[in-house]
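What follows is a single structure, written as structure tokens, with notes after it.
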Amino acid sequence: MTKLKSISKISSWFKGLKEPLLIAGPCSAESEAQVMHTAKEIAALGKVAVFRSGIWKPRTRPGNFEGVGEEGLKWLQQVKKETGLLTAVEVANADHVNLAIKHDIDILWIGARTTSNPFSVQELADLLKGYDKPVLVKNPINPDVNLWVGALERFHKAGIDKLAAVHRGFYPFEATSLRNIPKWEVPIELKSLCHNLPIICDPSHIAGSREYIPEISQKALDLNMDGLMIETHYNPSVALSDMNQQLTPKQLGELFDQLIFRRSTTKDEDFTSILETLRSQIDSIDQQMLELLAQRMNIVEDIGKYKSHNKVTILQLRRWEKILQTRMKLGKKLGLTEDFIKKLLQLVHKESIQRQTEVMNKLSSKKE
């Protein structure tokens, strides 16, 4: 197996670009006017190195806008000619690769769905043998760092040294405020496995809504990620895909002005790295824990409604005693103290009773 962390030249291609690497552009190329308008405003900021745009946009369900195809690649050629920005597109099959190379696209990226399929990744790696194209590999849909590393290794074994990873978050099985769960500990683990591998963050796909992009972007920079890929459209309100997560070029410029680009000193580098790794793991776990507690309370309210309809009391003593017994036993096995588990369960139980009481009172008042 290829050891990415032992490859010193894998990040050398990155050095010639602006640091951190800033990539921006619309979710989808929709028209020549839209692409050129957006690209010129992005270029005017003077901070972005790469213009990105989706050319092929297979959606979760058919019937929605799925990209303009090859025609859009000609618009990207014009972007490069008129602005000097490098260009980047997503490729998912042989036709995409061949057309992107034919139109001299500078950088190719592999989407999350493709990364999740080793067969597709291998096909693309074989196609790209002999081409000096940088390849950005987005994380797979599920938080599987080995699958992510495996995709990168397949491209490297095909002779591609110009590699970088893109962290775009992971699919949540339950509804959350963000489109994708960041799970920062996963890209951190990737960095620890592949020391020389640049990692870029895609705040747009993590956020799903532009209001969260600043916070996520700053978090990525604070975790020493090597760049940002941010979806930008001259007028997101008319965008044909993902309008809610795109910024205007003006908003992008304001974001860059607000972000703090920190640098770790050599003396504090090890300490900062270890501390941030541990804290990020805690942040991710806390977010998941709170979301699970919210889901639990939603179920509690449903139980309250069911009890009210069947004229059953809120407190079910045997059930409460069983919860205490089984959870404390499990907690002890997991290395948690009985006192901590008991206090935690009592707090949760108190909130559950309060929720069910409120539900029953509302239902009673309606009947009256």
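The numbering used here numbers the first residue of the sequence shown as 207 and each following residue consecutively. All C-beta atoms, glycine included, are put in the ideal place defined by N, C-alpha and C.
In the structure shown, residue 518 falls within a coil segment according to DSSP collapsed to helix, strand and coil. DSSP links residue 415 through a beta bridge to no other residue. Burial state of residue 260 is buried, judged by a 10 Å Cβ sphere holding 16 or more other Cβ atoms.
DSSP places residue 220 in the helix class (H, G or I) of the three-state scheme. Cβ contact annotation for residue 278 (same chain, cutoff 6 Å, sequence separation greater than five): 235 and 261, in chain order. Contact check for residue 285 against residue 311 fails: the beta carbons are separated by 8 Å or more. For residue 547, same chain residues with a beta-carbon under 8 Å away, outside a window of 5 residues either side, are 533, 534, 537 and 538 in chain order. Here DSSP, grouped into helix, strand and coil, assigns residue 260 to strand. Between the region 448 to 466 and the region 418 to 425 there are three or more C-beta pairs closer than 8 Å, enough to call the two in contact.
Here the C-alpha atom of residue 358 lies approximately 9 Å from the C-alpha atom of residue 327.
Classified as buried, residue 448 has 16 or more neighbouring CB atoms from the shown chains inside 10 Å of its CB. Counting along the chain, residue 296 sits inside the beta strand (DSSP E) bounded by residues 292 to 296. Counting along the chain, residue 373 sits inside no alpha helix (DSSP H); it lies in the beta strand (DSSP E) bounded by residues 369 to 373.
Take the alpha-carbon of residue 555 and the one of residue 368: they are about 54 Å apart.
Sequence-distant Cβ neighbours of residue 404 in its own chain, meaning closer than 6 Å and more than five residues away, are 217, 220, 370 and 432.
Taking 8 Å as the cut-off, the beta carbon of residue 364 is found no closer than this to the beta carbon of residue 329. Pairing residue 486 with residue 426, the inter-Cα distance amounts to about 11 Å. At a cut-off of 4 residues, the continuous stretches assigned as alpha helix (DSSP H) that sit fully inside the region 430 to 498 are 455 to 464. As computed with DSSP, residue 313 is found in a beta bridge with 294. Residue burial is scored here from C-beta neighbours: residue 226 has at least 16 other C-beta atoms within 10 angstroms and is therefore classed as buried.
The straight-line gap separating the alpha-carbon atoms of residue 380 and residue 540 is approximately 25 Å. DSSP places residue 254 outside any beta strand (DSSP E), giving it a letter other than H or E. In its chain, beyond the 5 residues on either side, 389, 390 and 391 have a beta carbon closer than 6 Å to the beta carbon of residue 490.
The residue from 524, 456, 559 and 523 with its alpha-carbon nearest to that of residue 502 is 559. Look at the region 538 to 573 and you find no whole run of beta strand (DSSP E) that is 3 residues long or longer. For residue 405, the enclosing beta strand (DSSP E) starts and ends at 405 to 407.
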